[in-house]
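Which chain is which? The protein sequence lines are A and B, in order. Quick note: to get the numbering used here, add 11 to the position in the first sequence (first position is 1). Quick note: to get the numbering used here, add 11 to the position in the second sequence (first position is 1). Some notes on the structure that comes next.
2 protein chains.
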Amino acid sequence: MTGKALSMIYGYDPRTGQAVGDPLPEATTADVSAAVTAAAAAGAGWRASSAAERASVLEAVADALLARVDDLWQVADRETALGEVRLRGEVARTAGQFRLFAKVIRDGGYLDAVIDHAAAPAQPDVRRMKRALPGVVAVFAASNFPFAFSVAGGDTASALAAGCPVVVKAHPGHPRTSEMVASVVQAALPDPTLLGLVHGMQAGADLVQHPLVVAAGFTGSISGGRAVQGLIDARETPIPFFGELGSVNPVVVLPSAVSSEVASGFAASLTLGVGQFCTNPGLVFVPEGFEKVIGEAVEGTTGGPMLNERIRDGYAGGLDRLGSLRLLAEGKAGDGEWTVTPKVFTTPLDSFASEMAEECFGPAAIVVTYNDISSLSAVIGRLQGSLTATIHGTEPSEAAEVADALSRIAGRLIWNGWPTGVAVCWAMHHGGPWPASTAPAHTSVGATAIDRWLTPTAYQDWPEELLPEELRDANPLTIPRRVDGAFQR
Amino acid sequence: MTGKALSMIYGYDPRTGQAVGDPLPEATTADVSAAVTAAAAAGAGWRASSAAERASVLEAVADALLARVDDLWQVADRETALGEVRLRGEVARTAGQFRLFAKVIRDGGYLDAVIDHAAAPAQPDVRRMKRALPGVVAVFAASNFPFAFSVAGGDTASALAAGCPVVVKAHPGHPRTSEMVASVVQAALPDPTLLGLVHGMQAGADLVQHPLVVAAGFTGSISGGRAVQGLIDARETPIPFFGELGSVNPVVVLPSAVSSEVASGFAASLTLGVGQFCTNPGLVFVPEGFEKVIGEAVEGTTGGPMLNERIRDGYAGGLDRLGSLRLLAEGKAGDGEWTVTPKVFTTPLDSFASEMAEECFGPAAIVVTYNDISSLSAVIGRLQGSLTATIHGTEPSEAAEVADALSRIAGRLIWNGWPTGVAVCWAMHHGGPWPASTAPAHTSVGATAIDRWLTPTAYQDWPEELLPEELRDANPLTIPRRVDGAFQR
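Listed below in structure tokens is the structure:
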């Protein structure tokens with residue numbers, strides 16, 4: 012104890028703006044160090060455990076989360092106002108992520124195991140596989156998914172699956188939810204200190220600069236991500252930083268796709284979760300004239316309370332920025348202390364500048380009208396990176412040029428769908444060029460999210476008895492491997 | 012032209028210290044921009060080309076290099092003094108790298124193609140594969156391998172294989188070799204501007220900060236790597252940096268392995284190429300008493316000229332640092348203006364501090380003597396990261412604890428071999444924890460070196476005719492893929 016009074020973290024109800032329950036203390040530097048040190052100690056055994064052992068634990072975590080869903084959604088609803096249906100669904104998604112990673116590590120393909128037997132004249136026997144990074148993974152929880160991108164979110168599930176212990180810096184928007192989730196997960200782990208939880212901004216800084224931390228995952232704003240990157244840059248030993256930051260998620264509606272369904276689909280995607288999705292469609296290119304239909308659809312929407320006061324203020328600031336454009340339409344204000352109103356702005360393509368398309372987190376978008384499809388690609392080419400890009404069309408051939416342009420600026424391309432909603436599956440990629448991600452080659456959703464916490468080791472002429480089972484000739488775990496150049500199952 | 016006189020780059024003969032041939036001008040900022048812009052323009056077609064087309068070009072490059080080996084080795088020998096046998100072998104290795112990457116891209120496994128078909132209730136069709144980063148790769152050539160880690164080295168070969176154009180910042184130690192290699196490669200490319208070459212320190216800074224550059228590969232010193240990282244950190248848009256920096260490559264000789272062959276093997280590895288290998292064994296732990304045998308072996312070695320004056324001076328500085336230890340033995344001085352003498356220093360384990368084991372580039376090492384195997388792991392655990400770690404032993408069971416400790420600090424583990432010599436194969440990993448690499452999950456040698464220049468794209472409900480062939484249901488290119496969770500060939 013330094014004698015200094017501890018700062019406290021309060022949760023707030025977005026519907027009333029009032030504090031919820033007792034506050035939680037911010038972690039001191041000593042608290043953070045204790046959490047990381049304990050996680051590292053527990054991590055030695057976890058890293059050495061078999062994939063089968065870890066998979067069973069991940070499934071136990073999934074079961075534990077589902078068993079407590081009745082309590083979990085209520086605690087989260089008080090702190091986020093996201094509602095029962097969404098929050099129950101999100102707990103199921105969170106459990107599903109643990110189950111997917113159990114499958115991934117049992118399968119073993121994630122190890123990228125390769126064997127090259129010795130060959131004349133001078134090629135030694137070389138075998139390689141990926142292994143967990145030797146240390147603790149730091150996770151910065153997001154505000155907008157209190158389960159799926161928070162304490163027990165995809166970063167934590169994938170890191171535990173890889174064999175890494177985790178210390179999470181809780182998001183201040185849902186401190187009590189964070190505590191409850193941590194305790195549910197910890198009870199299902201062989202050692203509860205494999206998952207640490209710390210509160211407070213300084214705790215996040217201490218965490219990411221701790222020498223035993225070997226990588227960091229982050230979901231949040233560009234400014235927040237830049238701040239964490241700066242802290243990492245100042246480390247003596249650099250570590251990889253996997254930050255998912257801002258994204259405007261452009262949508263192109265081709266002339267052939269103009270319909271009232273597309274307009275209502277857009278309005279629904281824009282306002283889902285009060286627009287608080289990193290995949291929210293913030294920029295839509297439509298044939299001139301169709302903006303009126305879009306506007307009418309948006310007029311039929313209703314806002315709601317945002318997650319917290321800071322995010323509500325950020326939305327207001329974003330609207331000010333967009334105010335230089337013509338207001339096309341607005342929805343109805345919802346209820347609640349921190350409620351906001353959906354708004355769409357419009358500009359013709361030749362007045363649009365890519366700098367206008369900065370993310371405005373919340374239910375706001377720019378509707379850019381165009382006359383000529385062939386003029387879109389150059390404009391798209393100047394956009395910043397996004398997590399997603401979407402085309403609505405009926406004729407793939409008319410979309411080819413636009414598709415090519417979008418494929419350079421986004422990590423996921425969607426046809427006749429909406430970007431909100433990210434399937435948790437083997438093929439998903441949830442990343443994209445800066446500022447969508449600080450590490451565009453990696454994803455924070457889907458099976459390959461585990462790759463962030465792995466690093467290869469090569470074994471040259473290594474004795475069979477010291478080799479991991481995954482690399483022994485007999486392949487006792489029957490994992491997919493490349494042997495002497497050819498894939499084998 | 013700014014009117015400012017251009018700075019010139021001279022090559023020098025390490026045997027005489029005299030300049031070789033005419034100097035080459037340093038690239039101006041405008042020159043660098045022109046090279047990058049031209050490479051980016053040529054890169055659009057290259058990126059869109061099929062793997063089969065690119066593979067044929069890579070093989071043509073390999074043929075072209077081999078066809079010019081008689082000229083290439085002589086130009087390089089004047090600038091590096093590495094000798095005919097080594098340099099002919101290195102040209103063959105360099106050509107072999109292009110051939111390996113031709114195989115890798117024809118195989119298609121490097122794309123990590125995954126298909127998840129749509130499934131009830133709400134899972135869309137999602138397909139993912141890796142694609143070339145959309146821009147130019149910057150490569151910083153190394154001094155010590157004028158072919159294999161320089162203009163046409165593994166970074167360039169893997170980036171071209173991926174579908175990226177390349178601009179190389181030449182190493183000032185072999186400017187004329189760099190020019191000749193570039194012209195040989197360029198003549199074999201469909202567009203010579205796919206490979207740019209620039210000279211000069213400022214050119215390197217301009218290169219890595221150019222907006223069209225999307226990633227950088229680097230082989231060199233820790234201070235050089237930190238400088239490039241700093242330039243990248245200052246970019247508006249961050250890019251991945253794959254730097255292979257310093258490595259001490261610890262070797263543990265177990266009591267069972269003590270033999271004159273191990274001593275002579277160590278001395279040969281230490282002095283290979285005048286110790287100018289990033290995998291040079293700079294730290295060896297031996298049973299007490301065996302250091303005398305090691306010392307006798309080193310006394311039988313002979314030094315030679317180092318690559319350039321700066322490296323020779325760096326070696327002298329490293330010897331000063333090591334001078335606090337007891338000089339165990341030295342070899343004979345070789346001939347030539349910049350010649351150096353192999354030296355080994357010794358200390359008992361209980362006087363050894365991990366800070367002593369800082370890389371001294373050249374034929375110098377610390378021989379640490381121990382009494383008790385069980386005391387090694389804790390000391391090894393405090394070492395900085397290395398590219399390799401080696402054990403000499405006859406009983407794998409006695410090596411288990413040491414092996415585990417070494418596996419945390421090195422990317423490649425070697426049994427009864429020597430770290431100098433890196434096989435170019437599917438399983439190789441040439442990387443390791445900082446400072447061995449700035450990106451320990453990646454390798455600069457072997458098939459997976461291509462992964463550094465790739466980034467995934469996911470396609471959701473994407474029309475068949477817009478999908479890359481690699482992701483179409485019929486698998487027309489017959490590449491390995493994971494379909495609905497299962498690997499298929």
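For each residue, glycine too, the CB sits at the ideal point set by N, CA and C. All values reported here derive from a predicted model rather than from experimental measurement.
Cβ atoms of residue j and residue i: under 8 Å apart, would you say?
i, j, result
"residue 4 (chain A)", "residue 407 (chain B)", "Beyond the ends of chain A as shown, which are 12 and 500, falls residue 4 (chain A); an answer cannot be given."
"residue 339 (chain B)", "residue 311 (chain B)", "no"
"residue 468 (chain A)", "residue 58 (chain A)", "no"
"residue 191 (chain B)", "residue 86 (chain B)", "yes"
"residue 372 (chain B)", "residue 287 (chain B)", "yes"
"residue 105 (chain B)", "residue 164 (chain B)", "yes"
"residue 185 (chain A)", "residue 145 (chain A)", "no"
"residue 97 (chain A)", "residue 73 (chain A)", "no"
"residue 50 (chain A)", "residue 147 (chain A)", "yes"
"residue 360 (chain A)", "residue 380 (chain A)", "yes"
"residue 332 (chain A)", "residue 369 (chain A)", "yes"
"residue 455 (chain B)", "residue 253 (chain B)", "yes"
"residue 75 (chain B)", "residue 198 (chain B)", "yes"
"residue 176 (chain B)", "residue 205 (chain B)", "yes"
"residue 488 (chain B)", "residue 480 (chain B)", "yes"
Please compile the residues from chain B whose C-beta is within a distance smaller than 9 Å of the C-beta of residue i.
i, result
"residue 68 (chain A)", "What residue 68 (chain A) touches in chain B: nothing, since even the nearest Cβ is about 21 Å away."
"residue 454 (chain A)", "139, 467, 469"
"residue 100 (chain A)", "In chain order: nothing, as chain B lies at least about 11 Å away."
Closest to residue i by C-alpha separation, out of the options, would be which residue?
i, options, result
"residue 382 (chain A)", "A:38, A:248, A:392, A:358", "A:358"
"residue 232 (chain A)", "A:152, A:89, A:250, A:157", "A:152"
"residue 181 (chain B)", "B:149, B:195, B:208", "B:208"
"residue 133 (chain B)", "A:450, A:100, A:421, A:333", "A:100"
"residue 291 (chain B)", "B:297, B:299, B:282", "B:282"
"residue 271 (chain A)", "A:262, A:301, A:293, A:257", "A:301"
"residue 431 (chain A)", "A:116, A:84, A:258, A:187", "A:258"
"residue 289 (chain B)", "B:131, B:458, B:421, B:240", "B:421"
"residue 416 (chain B)", "B:429, B:428, B:397", "B:397"
Check the Cβ of residue i against every Cβ in chain A and list those closer than 8 Å, keeping chain order.
i, result
"residue 449 (chain B)", "249"
What does residue i reach in chain A if we use C-beta pairs closer than 7 Å?
i, result
"residue 477 (chain B)", "407, 410, 411, 414"
"residue 125 (chain B)", "437, 438"
"residue 491 (chain B)", "498"
"residue 292 (chain B)", "Residues of chain A passing the Cβ test: none, with the nearest at roughly 14 Å."
"residue 135 (chain B)", "428, 434"
With a cut-off of 8 Å, does the C-beta of residue i fall near any C-beta of chain A?
i, result
"residue 465 (chain B)", "yes"
"residue 261 (chain B)", "no"
"residue 473 (chain B)", "yes"
"residue 319 (chain B)", "no"
"residue 244 (chain B)", "yes"
"residue 419 (chain B)", "yes"
"residue 170 (chain B)", "no"
Please decide whether residue i counts as near chain B, where near means a Cβ-Cβ distance under 8 Å.
i, result
"residue 97 (chain A)", "no"
"residue 496 (chain A)", "yes"
"residue 189 (chain A)", "no"
"residue 14 (chain A)", "Residue confidence for residue 14 (chain A) is low, a pLDDT of 44 falling below 50, so the modelled location carries little weight and cannot support an answer."
"residue 510 (chain A)", "Nothing in the structure corresponds to residue 510 (chain A), since chain A is present only between 12 and 500."
"residue 286 (chain A)", "no"
"residue 424 (chain A)", "yes"
What residues from chain B crowd round residue i, counting only those whose CB sits closer than 7 Å?
i, result
"residue 274 (chain A)", "What residue 274 (chain A) touches in chain B: nothing, since even the nearest Cβ is about 19 Å away."
"residue 368 (chain A)", "Correct list: empty, because the minimum Cβ distance to chain B is about 15 Å."
Residue i touches chain B at which residues, Cβ-Cβ below 8 Å?
i, result
"residue 335 (chain A)", "Neighbours of residue 335 (chain A) on chain B: none; closest Cβ ~23 Å, over 8 Å."
Which residues of chain C have a Cβ atom closer than 9 Å to the Cβ of residue i, listed in chain order?
i, result
"residue 145 (chain A)", "The chain labelled as chain C is not found among the protein chains of the depicted structure, namely A and B."
>> Would you call the region 436–450 of chain A in contact with the region 401–419 of chain B, where contact means no fewer than 3 C-beta pairs closer than 8 Å?
In response: Flag = no, the region 436–450 of chain A and the region 401–419 of chain B do not touch.
> Taking three-plus beta-carbon pairs below 8 Å as touching, is the region 373–387 of chain B in contact with the region 275–287 of chain B?
Replying inline: yes
> Is the region 201–215 of chain B close to the region 28–44 of chain B, with three or more CB pairs under 8 Å?
Replying inline: yes
> Is it a yes or a no for the region 149–169 of chain B touching the region 53–67 of chain B, going by three-plus beta-carbon pairs under 8 Å?
Replying inline: no
> Counting pairs of Cβ atoms below 8 Å between the region 342–351 of chain B and the region 313–320 of chain B, do you hit three or more?
Replying inline: The region 342–351 of chain B makes contact with the region 313–320 of chain B; the number of CB pairs closer than 8 Å reaches 3 or more.
> Would the region 429–444 of chain A and the region 230–245 of chain A be scored as touching if the rule is three or more Cβ pairs under 8 Å?
Replying inline: The answer is no - the region 230–245 of chain A does not touch the region 429–444 of chain A, with fewer than three Cβ pairs under 8 Å.
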